[in-house]
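*Asks:*
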Amino acid sequence: MLGLFGTEHQRALQQRTHEMSNWIAATPGIYNAGRFMGIDDPDTQPWSAMESMLGRDGLLGLRMITPQQVAKFFPLLEAAGCRIDTWDIFVGEPQDAGVQAQAIVDGEMPVGIAIRPPLADAESAETREVQQFLAASGLAPFPGTMLAVRPPLGKTIVLEDESGAIAATGHAYFPHNTHSPFHKHAWIGLIAVAESCRGRGLGRYVNALLVDCAFGELGARAVYEMVGPSNATSRRMVLGCGLHLAPDLRCGVAVPSDAARFTR
694 MLGLFGTEHQ
704 RALQQRTHEM
714 SNWIAATPGI
724 YNAGRFMGID
734 DPDTQPWSAM
744 ESMLGRDGLL
754 GLRMITPQQV
764 AKFFPLLEAA
774 GCRIDTWDIF
784 VGEPQDAGVQ
794 AQAIVDGEMP
804 VGIAIRPPLA
814 DAESAETREV
824 QQFLAASGLA
834 PFPGTMLAVR
844 PPLGKTIVLE
854 DESGAIAATG
864 HAYFPHNTHS
874 PFHKHAWIGL
884 IAVAESCRGR
894 GLGRYVNALL
904 VDCAFGELGA
914 RAVYEMVGPS
924 NATSRRMVLG
934 CGLHLAPDLR
944 CGVAVPSDAA
954 RFTR
């Protein structure tokens, strides 16, 4: 069982991504976003293929692309009736993000907070609780198969408060296949903090745990995170963990102009 979760559209995308995982892993220019498949080098894909993915999936993700590719492909997508929601890319290496994350992890854990054991399986009650927490936080959830993955493939970290409720979450894994120059870059995301626990530094703490895990347990050469241009809180969080803005890399998700944003 895959532990699919979300709206009918979200579950269909998760199912298709799972079914096509071998093709995604073998095809230049394609990456696995967990909740859908996308393109990390649009120059490898004919425009007809991009149109086909957009029509089939109802969205098209473009990640780790250059400003030149943005200038070439975003106007084509807008001409096709799409709105493109964008995120900035922040990147970290062991000598900066790794060192800073280690210092945070070596400090005191926030008072009253504990790290839960790893998720047991895709369909467990604990995995479903995490999916519900992510959805309530405005994040499109991952299928349970990805949330329950273990190192060296990926890792989900869940913090709980004094009552045993979820206080914060985060996830790290490798989206890009071996054809990509980013195939050893671990993506860090699904960072969410319960409203009742905000202001205690939990976002930075779980983020640092994931950066530390990416370099230590997963063997990443670099990490990256995607933050919306107006999300000042998340920008402070990733900068505080030693990542830096990569002005030569962009991310966008093209959706129909009247559609809601796919994820926060």
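All you need for the numbering used here is the position in the sequence shown, starting with 1, plus 693. We put the beta carbon where it would ideally sit given N, CA and C, even for glycine.
Are the CB atoms of Val-948 and Leu-752 nearer to each other than 9 Å?
*Replies:* Result yes, Cβ atoms of Val-948 and Leu-752 sit closer than 9 Å.
*Asks:* Using a Cβ distance threshold of 8 Å, determine whether the region 928-942 contacts the region 880-897, with at least three qualifying pairs required.
*Replies:* Contact between the region 928-942 and the region 880-897 is present, because at least three Cβ pairs lie under 8 Å.
*Asks:* Among Ala-790, Asp-750, Asp-733, Ala-796, which one has its Cα closest to the Cα of Phe-766?
*Replies:* Nearest C-alpha to Phe-766: Asp-733.
*Asks:* When we look at the beta-carbon of Val-804 and count the other beta-carbons within 10 Å, is it buried (16 or more) or exposed?
*Replies:* When all chains shown are included, Val-804 counts as exposed.
*Asks:* Quick check on the DSSP output: the alpha helix (DSSP H) that includes Cys-906 runs from which residue to which?
*Replies:* That run of the alpha helix (DSSP H) goes 895-909.
*Asks:* Please go through the same chain and pick out, in chain order, the residues whose beta-carbon is closer than 6 Å to the beta-carbon of Pro-845, but skip the five residues on each side of it.
*Replies:* So the list reads Leu-911, Gly-912, once near-sequence residues are dropped.
*Asks:* Give a yes or no on whether the C-beta atoms belonging to His-872 and Pro-739 are separated by under 9 Å.
*Replies:* Contact flag unset, no.
*Asks:* Helix or strand or just coil, what does DSSP make of Pro-949?
*Replies:* Looking at Pro-949 - three-state DSSP - the assignment turns out to be strand.
*Asks:* Roughly how many angstroms lie between the CA atoms of Asn-870 and Arg-728, to the nearest whole one?
*Replies:* Cα to Cα, Asn-870 sits roughly 16 Å from Arg-728.
*Asks:* Going by DSSP, what residues sit across from Trp-880 in a beta bridge?
*Replies:* In the DSSP output, where bridge partners are listed per residue, Trp-880 has Tyr-866, Tyr-917.
*Asks:* If you draw a straight line from the alpha carbon of Ser-674 to that of Met-694, how long is it in whole angstroms?
*Replies:* This structure gives no information on residue 674, because the portion of the chain shown stretches from 694 to 957.
*Asks:* Let me know the secondary structure DSSP gives Val-886 once reduced to three states.
*Replies:* In the structure shown, Val-886 sits in a strand (DSSP, three-state: E or B).
*Asks:* Would you give the residue range spanned by the beta strand (DSSP E) that Met-757 belongs to?
*Replies:* Counting along the chain, the beta strand (DSSP E) containing Met-757 begins and ends at 753-758.
*Asks:* Taking DSSP's pairing of strands, which residues face Lys-765 in a bridge?
*Replies:* None; Lys-765 has no bridge partner.
*Asks:* Would you identify the three-state DSSP class for Ala-828, choosing helix, strand or coil?
*Replies:* Of the three classes helix, strand and coil, the one that applies to Ala-828 here is helix, per DSSP.
*Asks:* Could you work out which residue in Ala-887, Arg-893, Pro-868 is closest to Ala-915 when comparing CA atoms only?
*Replies:* Here the closest residue by C-alpha is Pro-868.
*Asks:* Please report the residue range of the alpha helix (DSSP H) in which Thr-779 lies.
*Replies:* Not the alpha helix (DSSP H): Thr-779 falls in the beta strand (DSSP E), residues 775-785.
*Asks:* If you draw a straight line from the C-alpha of Phe-875 to the C-alpha of Phe-908, how long is it?
*Replies:* Taking the straight line from one Cα to the other gives about 15 Å.
*Asks:* Do Pro-735 and Ile-655 count as a contact pair if the criterion is CB distance below 9 Å?
*Replies:* There is no way to answer for residue 655, as the model of the chain reaches only from 694 to 957.
*Asks:* Counting Cβ pairs closer than 8 Å, one from the region 833-842 and one from the region 806-824, do we hit at least three?
*Replies:* Short answer: they touch.
*Asks:* Ile-717 by DSSP, collapsed to three states: which one?
*Replies:* Three-state result, Ile-717: helix.
*Asks:* Is DSSP giving Glu-801 helix, strand or coil here?
*Replies:* Here Glu-801 sits in coil by DSSP.
*Asks:* When burial is assigned at 16 or more other CB atoms within 10 Å of the CB, is Gly-748 buried or exposed?
*Replies:* Exposed, because fewer than 16 other Cβ atoms sit within 10 Å of the Cβ of Gly-748.
*Asks:* Considering only the alpha carbon of each residue, which of Thr-710, Arg-756, Glu-801 lies closest to Gly-945?
*Replies:* Of the listed residues, the one whose Cα sits closest to Gly-945 is Arg-756.
*Asks:* From Ala-813, Asp-781, Ser-745, pick the residue whose C-alpha is nearest to that of Ala-925; which is it?
*Replies:* For Ala-925, the nearest C-alpha among the options comes from Asp-781.
*Asks:* Quick check: what's the CA-CA separation for Ala-813 versus Val-842?
*Replies:* Cα to Cα, Ala-813 sits roughly 9 Å from Val-842.
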